[in-house]
Amino acid sequence: MKPFLLKFLSFMLLGILLTQCDDDPQSKITGTVIDRSQCKNFLAGKNEKFTVSDTFSSVEYNYSLSLHRLTLNHINAAFNCCPDEIYCQIEISGDTIHIYEMEETSACDCNCLYDITEQLNNVIPGTYIIQYHEPYIGNQPALIFQLQLSEDCNGIFSVPRTSYPWGIL
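Residues 990 to 1158 in the numbering used here are what the sequence shown lists, from first letter to last.
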């Protein structure tokens, strides 16, 4: 009976140790919204100059290798005109970073374009697919692109948008 008990306890200990090991560093990626613009539709009448046409949804990215930080500025993200808080949820699936952008409320009967800045931490070097899940895109092309992160880098990726609230500024 003693050898059986010893084997059983050994397997139990091994099982506990293996379930506590997290060898997928990508699962530690965290992200949050760190900044957002005012409703750009309301700013359009004030002679504001926008860097990207409102007929595009774009992401400017900046990666810091030393900080393992990826900063994403989603330009022309559509939300309700009265969203209260805008926030994001990050999910990792293999090499894909899913960014779900959400609003707390949709209190007004209108939509608006915003610039939303998200900061992702613990992004180790590698190749990633960034996929945005936007609440108001309907049947328009998804905002999805691939990044090779092996050194400090930056750039921009854009997709066309043709339906409200895009294209009215």
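A virtual CB, placed ideally from N, CA and C, is assigned to each residue, including glycine.
Requested in this report: Under the assumption that I1105 contacts V1022 (Cβ atoms under 8 Å), give the Cβ distance between them as a whole number of angstroms.
Outcome: 6 Å
Requested in this report: Drop a sphere of 10 angstroms on the beta-carbon of G1020, count the other beta-carbons inside from all chains shown, and report buried for 16 or more, exposed for fewer.
Outcome: buried
**Report entry** Supposed contact pair N1065 and S1082 - C-beta distance, whole angstroms, cut 8 Å
**Finding:** Their Cβ separation, rounded to whole angstroms, is 26 Å, which puts S1082 and N1065 out of contact at 8 Å.
Query raised in the report: Helix, strand or coil for L1032 per DSSP?
Result: helix
Query raised in the report: Skipping 5 residues on each side, what residues in its chain have a beta carbon closer than 6 Å to that of A1096?
Result: C1071
Query - Cross-strand partners of I1133 (DSSP beta bridge) - result: Q1120
Report task. Tell me whether the beta-carbon of Y1103 lies closer than 9 Å to the beta-carbon of A1131. Result -> no
Report task. Kindly indicate which residue of F1031, Y1052, T1044 has the alpha-carbon position closest to the one of G1115. Result -> Y1052
Query raised in the report: Looking at E1049 and E1074, is the spacing between their C-beta atoms short of 9 Å?
Result: no
Requested in this report: Take Q1135 as the anchor and find which of G1127, Q1027, G1144, N1128 has the nearest alpha-carbon.
Outcome: G1144
Query raised in the report: L1054 to K1017, Cα distance in whole Å?
Result: 16 Å
**Report entry** Supposed close pair T1030, I1157 - CB separation, criterion 8 Å
**Finding:** The question names Thr, but residue 1030 is Asn in the sequence shown. Confirmed, about 7 Å.
**Report entry** Q1137 classed as buried or exposed, judged by whether at least 16 other C-beta atoms fall within 10 angstroms
**Finding:** exposed
Report task. Please name the residue, chosen from D1024, H1087, C1142, D1098, that lies closest to P1154 on a Cα-to-Cα basis. Result -> D1098
Report task. Could you check the C-alpha separation between P1124 and C1101 for me, to the nearest Å? Result -> 12 Å
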